[in-house]
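Student:
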Amino acid sequence: MGEIPISIIKKEREESRVVTTDDQVQEGSLNVENVLWANTVLASGTAAGIVVYTGRETRSVMNTTLPESKVGLLDLEVNNLTKLLFVFVMVLASVMVVMKGIDANWYRYLMRFVLLFSYIIPISLRVNLDMAKLFYAWQIGRDKQIPETVVRSSTIPEELGRISFLLSDKTGTLTKNEMHFKKIHLGTVAFSSDAFEEVGQHVASAYSGRLARHSFSAKLQTAVEAIALCHNVTPITEGGTVSYQAASPDEVALVKWTETVGVRLAQRDLHSIQLQLGIGQTKTFQVEFCAILHIFPFTSETKRMGIVVKDETTDEISLLMKGADTVMAGMVQYNDWLEEECSNMAREGLRTLVVAKRSLSPAELEAFDRAYHTAKMSITDRSQNMQNCVNRMLEKDLQLLCLTGVEDRLQDQVTTSLELLRNAGIKIWMLTGDKLETAICIAKSSGLFSRTDNVHVFGPVQSRLEAHNELNALRRKSDVALVMQGSALKICIQYYEAEVAELVCSCTAVVCCRCSPEQKAQIVQLLRKYRAPLRVAAIGDGGNDVSMIQAAHAGIGIDANEGKQASLAADFSITQFSHVCRLLLVHGRFCYKRSCALSQFVMHRGLIISTMQAIFSCVFYFASVSLYQGVLMVAYSTAYTMLPVFSLVVDRDVTASNALTYPELYKELGKGRSLSYKTFCIWVMISLYQGAVIMYGALLVFDADFIHVVSISFSALIVTELIMVAMTIHTWHWAMLLAQALSLGLYAVSLIVLDQYFDRQFVLSWMFIIKTTLITLVSCLPLYVVKALRRKFSPPSYAKVN
Numbered sequence: 001m002g003e004i005p006i007s008i009i010k011k012e013r014e015e016s017r018v019v020t021t022d023d024q025v026q027e028g029s030l031n032v033e034n035v036l037w038a039n040t041v042l043a044s045g046t047a048a049g050i051v052v053y054t055g056r057e058t059r060s061v062m063n064t065t066l067p068e069s070k071v072g073l074l075d076l077e078v079n080n081l082t083k084l085l086f087v088f089v090m091v092l093a094s095v096m097v098v099m100k101g102i103d104a105n106w107y108r109y110l111m112r113f114v115l116l117f118s119y120i121i122p123i124s125l126r127v128n129l130d131m132a133k134l135f136y137a138w139q140i141g142r143d144k145q146i147p148e149t150v151v152r153s154s155t156i157p158e159e160l161g162r163i164s165f166l167l168s169d170k171t172g173t174l175t176k177n178e179m180h181f182k183k184i185h186l187g188t189v190a191f192s193s194d195a196f197e198e199v200g201q202h203v204a205s206a207y208s209g210r211l212a213r214h215s216f217s218a219k220l221q222t223a224v225e226a227i228a229l230c231h232n233v234t235p236i237t238e239g240g241t242v243s244y245q246a247a248s249p250d251e252v253a254l255v256k257w258t259e260t261v262g263v264r265l266a267q268r269d270l271h272s273i274q275l276q277l278g279i280g281q282t283k284t285f286q287v288e289f290c291a292i293l294h295i296f297p298f299t300s301e302t303k304r305m306g307i308v309v310k311d312e313t314t315d316e317i318s319l320l321m322k323g324a325d326t327v328m329a330g331m332v333q334y335n336d337w338l339e340e341e342c343s344n345m346a347r348e349g350l351r352t353l354v355v356a357k358r359s360l361s362p363a364e365l366e367a368f369d370r371a372y373h374t375a376k377m378s379i380t381d382r383s384q385n386m387q388n389c390v391n392r393m394l395e396k397d398l399q400l401l402c403l404t405g406v407e408d409r410l411q412d413q414v415t416t417s418l419e420l421l422r423n424a425g426i427k428i429w430m431l432t433g434d435k436l437e438t439a440i441c442i443a444k445s446s447g448l449f450s451r452t453d454n455v456h457v458f459g460p461v462q463s464r465l466e467a468h469n470e471l472n473a474l475r476r477k478s479d480v481a482l483v484m485q486g487s488a489l490k491i492c493i494q495y496y497e498a499e500v501a502e503l504v505c506s507c508t509a510v511v512c513c514r515c516s517p518e519q520k521a522q523i524v525q526l527l528r529k530y531r532a533p534l535r536v537a538a539i540g541d542g543g544n545d546v547s548m549i550q551a552a553h554a555g556i557g558i559d560a561n562e563g564k565q566a567s568l569a570a571d572f573s574i575t576q577f578s579h580v581c582r583l584l585l586v587h588g589r590f591c592y593k594r595s596c597a598l599s600q601f602v603m604h605r606g607l608i609i610s611t612m613q614a615i616f617s618c619v620f621y622f623a624s625v626s627l628y629q630g631v632l633m634v635a636y637s638t639a640y641t642m643l644p645v646f647s648l649v650v651d652r653d654v655t656a657s658n659a660l661t662y663p664e665l666y667k668e669l670g671k672g673r674s675l676s677y678k679t680f681c682i683w684v685m686i687s688l689y690q691g692a693v694i695m696y697g698a699l700l701v702f703d704a705d706f707i708h709v710v711s712i713s714f715s716a717l718i719v720t721e722l723i724m725v726a727m728t729i730h731t732w733h734w735a736m737l738l739a740q741a742l743s744l745g746l747y748a749v750s751l752i753v754l755d756q757y758f759d760r761q762f763v764l765s766w767m768f769i770i771k772t773t774l775i776t777l778v779s780c781l782p783l784y785v786v787k788a789l790r791r792k793f794s795p796p797s798y799a800k801v802n
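Reminder that position 755 of the sequence shown reads as 755 in full-length UniProt numbering, one-by-one numbering, no gaps.
1. Start and end of the alpha helix (DSSP H) containing cysteine 512?
2. Could you check whether the segment 257-275 touches the segment 222-237, counting it as contact only if at least three pairs of C-beta atoms, one from each stretch, sit closer than 8 Å?
3. DSSP three-state call for phenylalanine 86: helix, strand or coil?
4. Residues in the same chain with beta-carbon distance under 6 Å from alanine 324, minus the five sequence neighbours each way, listed in chain order, please.
5. Can you say whether glutamine 613 is buried or exposed, counting buried as having 16 or more other CB atoms within 10 angstroms of its CB?
6. Could you check which residue in Ile236, Asn335, Val693 has the C-alpha nearest to that of arginine 264?
7. Going by DSSP in three states, tyrosine 662 sits in which element: helix, strand or coil?
8. Within a Cβ cutoff of 6 Å, which residues of the same chain sit near threonine 282, ignoring the five residues on either side of it in sequence?
9. Taking all protein chains shown into account, do 16 or more other C-beta atoms lie within 10 angstroms of the C-beta of phenylalanine 646, making it buried, or fewer, making it exposed?
10. Would you kindly work out how many angstroms separate the C-alpha atoms of phenylalanine 702 and valine 725, rounded to a whole number?
11. Please state if the CB of alanine 346 and the CB of lysine 170 are separated by a distance shorter than 8 Å.
12. DSSP puts lysine 477 in a beta bridge; with which residues?
13. Using only the alpha-carbon positions, how far apart do glutamate 502 and phenylalanine 793 sit?
14. Should alanine 195 be labelled buried (16 or more other beta-carbon atoms within 10 Å of its own) or exposed?
15. Taking arginine 347 as part of the alpha helix (DSSP H), name the residues at either end of that continuous run.
16. Can you give me the C-alpha to C-alpha distance between alanine 481 and lysine 444, rounded to a whole angstrom?
17. Would you call the CB atoms of valine 723 and threonine 772 closer than 8 Å?
18. Which value, in whole angstroms, describes the spacing of the CA atoms of aspartate 479 and tryptophan 429?
19. Whose C-alpha, out of Phe572, Ala788, Cys402, Val91, is nearest the C-alpha of glycine 588?
20. Tell me which same chain residues have a C-beta within less than 8 Å of the C-beta of glutamine 333, skipping the five on either side of it?
21. CA-CA distance, leucine 410 and methionine 305?
22. Use the C-beta contact count for glutamate 57: other C-beta atoms within 10 angstroms, 16 or more gives buried, fewer gives exposed.
23. To the nearest angstrom, report how far apart aspartate 653 and isoleucine 539 are at their CA atoms.
24. Considering only residues of the same chain and omitting the five flanking positions on each side of lysine 176, which have a CB-CB separation below 6 Å?
25. Does DSSP put valine 645 in a helix, in a strand, or in coil?
26. Tell me where the alpha helix (DSSP H) around methionine 305 begins and ends.
27. Can you check which of these residues, Leu436, Thr432, Pro796, Lys671, is closest to arginine 535 by C-alpha distance?
28. Judging by CA-CA distance, which residue of Gly330, Pro362, Leu365 is the nearest neighbour of alanine 354?
29. Can you pull the DSSP bridge partners for methionine 430?
30. Please classify glutamine 267: does DSSP put it in a helix, a strand, or coil?
31. Taking C-alpha atoms, which residue in Ile712, Asp705, Cys681 lies nearest to methionine 695?
32. Could you check which residue in Gln756, Leu293, Val649 has the C-alpha nearest to that of tyrosine 628?
33. Among Arg582, Ala551, Asp434, which residue has its Cα nearest to the Cα of cysteine 515?
34. List the residues that DSSP assigns as beta-bridge partners of methionine 321.
35. Taking contact to mean at least 3 C-beta pairs separated by less than 8 Å, is the segment 731-741 in contact with the segment 631-651?
36. The alpha helix (DSSP H) that contains isoleucine 682, what's its start and end?
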């Protein structure tokens, strides 16, 4: 920035200005020319300054909203089942008190029975699930098929297994965000990539000075020079190689193209641009110096950028502008080709920019400088006043120079990935800020729209009546892929929010173009509101996708060229779109199925021992006495059964390759059948049956000592639990075998060591082994037979593919 005077930063009504302390007081505004924003990289030279807008005034803090604490659907379902179990405990305890007889100490007995049956409430389930989630996150992070994947939120991995809607950004998500200049149109003629050599010849001829000023070559040279000047690109030379730094890859693509046709950006600083001309057929080097007088940066609101430059050789002052056709069309002089050619390029999938120019006289520039300085010194509405000044005095009667088309190529395997996700029953929506025609082209080329889809383009909507008519037209169609503009969506949601949610969700695919970041988040909220409990995932790569990612049930960020904003704000971070298939279809499936099995076994573990306790109390005249004492109760859910039950987190009902080969398997997960009220009731019945068999069996076969009842029933209980885990396992893992062996071995040692609970002589006898084995067979064999018959005559889908 060079040498600067000592200055005072004055802040008035949230606006700032610079007041120097020289003898003559000068006032100036803070702008992009004298302010380095946070995280700015100084490309060259040095800078000296003071720090302003710190702490709560930083952009990151002011733009930060407290993220919603995300809770997975499985956690909500487990919470509901836990509430039922709590009610069951209270009802069972109350029944036992009533059966015992109401007396003055009834409340004491009630509390005793509540404590005795407290194992029904799966207190350890939350610990087990949290440990499992950490294991899932570790397993996802080390998957070599999706390298550099990061799980930033380990609380919701099961959500990946139940996604119904996937909302995706386009640029940088479905595409590579690597821009390639493909086409330039000048109204009468267009040049594509195979004719760029001819463009270089025209430019070289124009710079040679042999052609008339208004010749076609001169017009083409003016357009190319405007592209080479109107940008925010800075060339960086390191080790003899030149690279370009810019906020947008589009600008880099444009500057690189001008270099290939003879106009190279040689140097740039805050106040000047240096171009190297005549490179091409002439092989001569001519340097052009231009002073930068004003820069009007691109914003998502204005959708354009401009620069005022002065040619140091000719003293010509020019306003150069480029931007979206929707805003530039009203600024350029009348023409009959811009709209049509924009649509044609968009249908080819190209990103279009309109380039225009206006020559300014010194008097016009002086008048603008005065008005613009006054606007910059405004205390209130400074930005709006500055923009109004530019609109009023500069952005009119521009000469249309050319229309450019830049290609953003699709990422690798995007088409196959979208097909996999669609076959998995996931509806995919593309939300983009591009033109309608560009969005349709990308949707077709990427395979977002299938061949059988009937594409319905939602018409422009300006009023409630038009919105009503368009929604009725959509309602009459079936198997339709919808294309809608953000402006139309805004009006439709304003008047017909519920109807929009119903109709749009029935479409096979949806593309929303000209969509703002706020609208992306609004669409996510719409789905969450009207399609609950279906799960919504959002994937994007840029800062404009952060609000959408944070609003979704599962946010997925791509660590790509746009930076790390989306990646850091997301729940899951990947490096390319194709990785989302394995993330959802494989890891999502495994996480959900494993957590369901783990939850059911923890509940079963508490229900079966509480059933035995209830029978024991009933047999002995409703005595509020614990069946098992001290160490046995503690070790039951920890040392003896924890490892086998937790080992279910490495189980796989299908192989990873089969999960990707048969994506239809994923559809069943969305129905939530792995953990539902139906499966809960089945496990309750199993627990009641097994608890009754073990307790009554022990009471029937024991001889005289009550300690034998404890030995037989508790041993049968432990073995039954281990067998049930083994019966549930689909794919054996060495960790499962180790867990089973350790638990069984530890319990065998306990039978010998804990002589205060077990009769050592009895447990070492054949009679103990026979009685325990008999009771265990009666409790487990019928269930095994039923399960075998079901797998034979009505196998689940995953069993068929295996």
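For glycine and all other residues, C-beta sits at the position ideal for the given N, C-alpha and C.
The structure displayed is predicted, hence computed values, not measured ones.
Tutor: Reading from the atomic positions:
1. That residue, cysteine 512, is in no alpha helix (DSSP H); its beta strand (DSSP E) goes 509-513.
2. Between the segment 257-275 and the segment 222-237 there are three or more C-beta pairs closer than 8 Å, enough to call the two in contact.
3. Helix.
4. Cβ neighbours of alanine 324 beyond the five flanking positions: Lys303.
5. Buried, because 16 or more other Cβ atoms sit within 10 Å of the Cβ of glutamine 613.
6. Each of Ile236, Asn335, Val693 was checked against the Cα of arginine 264, and the nearest Cα belongs to Ile236.
7. Coil at tyrosine 662, not helix or strand.
8. The predicted position of threonine 282 is uncertain, since its pLDDT is 48 and thus under 50; no value can be drawn from it.
9. Around the CB of phenylalanine 646, 16 or more other CB atoms lie within 10 Å, so the residue is classed as buried.
10. Rounded to whole angstroms, the separation of the alpha carbons of valine 725 and phenylalanine 702 is 27 Å.
11. Taking the C-beta atoms as reference points, alanine 346 is found no nearer than 8 Å to lysine 170.
12. Paired residue(s): none; lysine 477 is not in a bridge.
13. Looking at the two C-alpha atoms, the distance is approximately 39 Å.
14. Alanine 195 is classed as exposed because its beta carbon has fewer than 16 other beta carbons within 10 Å across all chains shown.
15. From DSSP, the alpha helix (DSSP H) with arginine 347 extends over 338-347.
16. Rounded to the nearest angstrom, the two C-alpha atoms are 11 Å apart.
17. For clarity, residue 723 is isoleucine in the given sequence; the question names valine instead. Going by C-beta atoms, isoleucine 723 is not nearer than 8 Å to threonine 772.
18. Taking the CA atoms as reference points, aspartate 479 sits about 15 Å from tryptophan 429.
19. Measuring from the Cα of glycine 588, the nearest candidate turns out to be Phe572.
20. Beyond the five residues adjoining it in sequence on each side, glutamine 333 comes within less than 8 Å, by CB distance, of Asp397, Leu398, Gln399, Leu400 in the same chain, given in chain order.
21. In a straight line, the C-alpha of leucine 410 is about 27 Å away from that of methionine 305.
22. Counting other Cβ atoms within 10 Å of its Cβ, glutamate 57 stays below 16 and is therefore classed as exposed.
23. Going from the Cα of aspartate 653 to the Cα of isoleucine 539 covers about 28 Å.
24. Within the same chain, lysine 176 has close Cβ partners Arg409, Gln411.
25. The three-state reading of DSSP puts valine 645 in helix, counting H, G and I together.
26. Unbroken run through methionine 305 is the beta strand (DSSP E), 304-311; no alpha helix (DSSP H).
27. A check of alpha carbon separations from arginine 535 across Leu436, Thr432, Pro796, Lys671 identifies Lys671 as the nearest.
28. The sequence given here places valine at residue 354; alanine does not occur at that position. For the residues Gly330, Pro362, Leu365, the minimum Cα distance to valine 354 belongs to Gly330.
29. According to DSSP, which records beta bridges pairwise, methionine 430 is partnered with Ser168, Val511.
30. Strand at glutamine 267.
31. Of the candidates Ile712, Asp705, Cys681, the residue whose Cα lies closest to the Cα of methionine 695 is Ile712.
32. For the options Gln756, Leu293, Val649, the alpha carbon positioned closest to that of tyrosine 628 is the one of Gln756.
33. Distances from the CA of cysteine 515 to each of Arg582, Ala551, Asp434 were compared; the closest alpha carbon is that of Asp434.
34. Paired residue(s): Gly306, Ala356.
35. Between the segment 731-741 and the segment 631-651, the count of Cβ pairs shorter than 8 Å is three or higher; the stretches touch.
36. Counting along the chain, the alpha helix (DSSP H) containing isoleucine 682 begins and ends at 677-701.
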